[in-house]
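Just so you know, the sequences run in chain order A and B. Under the numbering used here, residues 1 to 268 are what the first sequence spells out, in order. Under the numbering used here, residues 1001 to 1226 are what the second sequence spells out, in order. So the structure is just underneath, and the comments pick up after that.
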Amino acid sequence: MIIDWFTVCAQILNFLILIWLLNRFLYKPILNAIDEREYRIASQLEEAARIKAEAQRERLDFEQKNIHFEQQRSQQFKAAIQHAESERQKLIEQARQETADLKQQWLETLSCEQTRLNQHLRQRIEQEVFNIARKTLHDLSSTELEDQITTVFIHHLHTQARQLNSQFNTINSRNSAQAIIRSQFTLSENQQSAIKHALNDITQQPLTAQFENSLSRSCGIECVIGSHKISWTLDDYLDSMESVFGDLMQETVTNNTTDATTESANTH
Amino acid sequence: MRLSPDQLIIWQYGFIKLNSTIVTTWLLMAVLVIISVSITRKLNSDTRISRQQHVLEVIVLGIVKQIQEVGLNQPRQYLAFIGTLFIFICSANLCSIIPGYDAPTGSLSTTTALALCVFIATPLFGIRQQGILGYLKSYLQPSPLMLPLNIISELSRTFALAIRLFGNIMSGTMIVAILLTITPLIFPIMMNLLGLLTGVVQAYIFSILATVYIAAATSRPHEQKT
């Protein structure tokens, strides 16, 4: 018999001990480690799923916020455009107003300048005409211009003698008559005597004549008796010439203004 | 020629004796426990584990999977018994590559002891699972007339377990010994390699048969029909 029963019993005991030892040192630790790892992986997967769900929820929340933000931005953008448009219209209107004011101011300045230029030109022309006329008259006929002006003035007095008489009659009924003769140049004794003599001939009355060299505006002589005034000056000629110059300047300014307005419209 | 390592007695006092089978078994037990302790002492439950732990996990989970595939729904309850059977027989057979080593499984006493363990454990698991009456009823299935045959079947399969493992391992050892005297060069090596394969296969067969017996004892009669 090759079965040794003591060995059989010993091997049964050994096998039972080995079962206990391996269960204690091998199976349980290994299975516990595997279970713990599975639990940890399951926890991590659960945590990952939770984080994923939370991320999904945050993503949806973010998308909704993004949509809301986009709508708000669009509304604000529209409001800004409308505000900018109204501000633009307001600025354009303000610019137009300022342009109109500047234009008005410019026109007024231009008018003043034109007036001043006209006056200056008128004085210069008058002076030059006076000088040219004097020289020309002296060269051609050896006659002084002042004498000729005095002659023309006396002729003018005779022309308006009827009106002058009635004025004298009205004055004499109240006060003594006095005539004020104003000239740009100084009248000589002869010229004063001629004028005085002419006034006496026309009025047939004693007349007090007062000569003043105070006519600075234009070349000529004027006689003031009471409220009546008789004069001969270059004013009429100069007024006509000034009118021609004024029309010419006005036409030039109008053309320049039209060009400027057209250019401004093309720029806008 | 020694047919069994039992015949190599190292120490004896009366009927108590230490033969090669017992001593080799103790050495194997010590090696297995030392290896297990050395690896499981540094177990890591993280996803990064050592190679040794990985090997042990593969072995343990492989055994669990095999038990489950046989039909035991709670394999961890039977892991200690069936897993120890497989690991002990397999390591005992594989160590036959060591010169001068006598495999304990080459002893009919050892295989008888293991077969007796299976013979005792099977009804214990069956009774724990379905109660003593339920287990005893299984001997009357499918007909009470089958009771003697069922009892003979229990005894004969236990005897077959012991003889099968003993015969395979002992024959392998004997063949290598005989070939060493005839052709001492190439053939013993080939037969030794074949013996390693046979040893692993026999460990698998022994364990899987024990699992099948336990599964048959723990399953309900209607489950057996299905």
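Beta carbons are placed, not taken as given, at the ideal position from N, Cα and C, and that holds for glycine.
{"query": "DSSP-derived helix/strand/coil call for L157 (chain A)", "result": "helix"}
{"query": "The beta strand (DSSP E) enclosing Q210 (chain A), as first and last residue numbers", "result": "208 to 212"}
{"query": "Rounded straight-line distance, which links the Cα of E70 (chain A) to that of T60 (chain A)", "result": "Checking the sequence, you will find Leu at residue 60 (chain A) rather than Thr. One C-alpha to the other measures close to 15 Å."}
{"query": "Chain B contact for E36 (chain A) (CB, 8 Å cutoff)", "result": "yes"}
{"query": "Check whether C223 (chain A) and I230 (chain A) have beta carbons under 8 Å apart", "result": "yes"}
{"query": "Beta-carbon spacing of L1032 (chain B), T1111 (chain B) below 8 Å", "result": "no"}
{"query": "S1086 (chain B) versus I1205 (chain B): straight-line alpha-carbon distance, rounded", "result": "According to the sequence provided, residue 1086 (chain B) is Phe. The question's Ser does not apply to it. About 9 Å."}
{"query": "8 Å Cβ cutoff met for F153 (chain A) and I225 (chain A)", "result": "no"}
{"query": "Environment of A1203 (chain B) [buried if 16+ CB atoms lie within 10 Å]", "result": "buried"}
{"query": "Spatial distance of T1025 (chain B) from N1019 (chain B) (CA atoms)", "result": "10 Å"}
{"query": "Neighbourhood of E146 (chain A) by C-beta distance below 6 Å, restricted to the same chain and skipping five residues each side", "result": "F185"}
{"query": "Sheet register partners of T233 (chain A) (DSSP bridge)", "result": "A:G220"}
{"query": "Residue(s) in a DSSP beta bridge with R1076 (chain B)", "result": "Bridge partners of R1076 (chain B): none, in fact."}
{"query": "Below-8 Å beta-carbon distance, L45 (chain A) vs any chain B residue", "result": "no"}
{"query": "Alpha helix (DSSP H) segment containing Y1135 (chain B), residue limits", "result": "1108 to 1137"}
{"query": "8 Å Cβ cutoff, E1057 (chain B) in contact with chain A", "result": "yes"}
{"query": "Separation of N255 (chain A) from T262 (chain A), as counted between CA atoms", "result": "11 Å"}
{"query": "Element boundaries [alpha helix (DSSP H), containing Q105 (chain A)]", "result": "28 to 141"}
{"query": "CB of Q1158 (chain B) within 8 Å of CB of I1067 (chain B), strictly", "result": "As written in the sequence, residue 1158 (chain B) is Thr, which differs from the Gln given in the question. Contact: no."}
{"query": "At least three beta-carbon pairs within less than 8 Å, the segment 27 to 42 of chain A to the segment 1040 to 1051 of chain B", "result": "yes"}
{"query": "Residue burial classification, T1218 (chain B) (beta-carbon count within 10 angstroms, cutoff 16)", "result": "buried"}
{"query": "CB-CB length for F6 (chain A) against K1065 (chain B), believed under 8 Å", "result": "About 37 Å separates the two Cβ atoms, so there is no contact after all."}
{"query": "Nearest-angstrom beta carbon gap, A1113 (chain B) and Q11 (chain A) [assumed within contact, 8 Å]", "result": "4 Å"}
{"query": "K1042 (chain B) at chain A interface by Cβ criterion, 8 Å", "result": "no"}
{"query": "Any C-beta of chain A under 8 Å from that of L1116 (chain B)", "result": "yes"}
{"query": "Beta-bridge partners of A179 (chain A), as assigned by DSSP", "result": "A:A209, A:I225"}
{"query": "Cβ neighbour criterion (16 or more within 10 Å) applied to Q1224 (chain B)", "result": "With a pLDDT of only 49 at Q1224 (chain B), under the threshold of 50, the placement of this residue in the model should not be trusted; the figure read from the coordinates follows. Answer is exposed; the Cβ neighbour count stays below 16."}
{"query": "Contacts of F69 (chain A) in chain B (Cβ-Cβ under 7 Å)", "result": "Correct list: empty, because the minimum Cβ distance to chain B is about 42 Å."}
{"query": "Members of the segment 1012 to 1034 of chain B that neighbour chain A once the beta carbon cut-off is set at 8 Å", "result": "F1015, I1016, K1017, N1019, T1021, I1022, T1025, W1026, M1029, L1032, V1033"}
{"query": "Min CB distance F1088 (chain B) to chain A below 8 Å", "result": "yes"}
{"query": "M1 (chain A) to T1021 (chain B) span [Cα, whole Å]", "result": "Its pLDDT being 49, under 50, M1 (chain A) is placed unreliably by the model, and nothing is read from it."}
{"query": "Exposure of T1226 (chain B), with buried meaning 16 or more beta-carbon neighbours within 10 Å", "result": "Note on T1226 (chain B): pLDDT 41, under 50, position unreliable in the model; no value is reported."}
{"query": "Y1013 (chain B) in three-state terms, based on DSSP", "result": "strand"}
{"query": "Backbone secondary structure at N1044 (chain B) - three-state DSSP", "result": "coil"}
{"query": "Contact check, S1004 (chain B) vs S1096 (chain B), beta carbons under 8 Å", "result": "no"}
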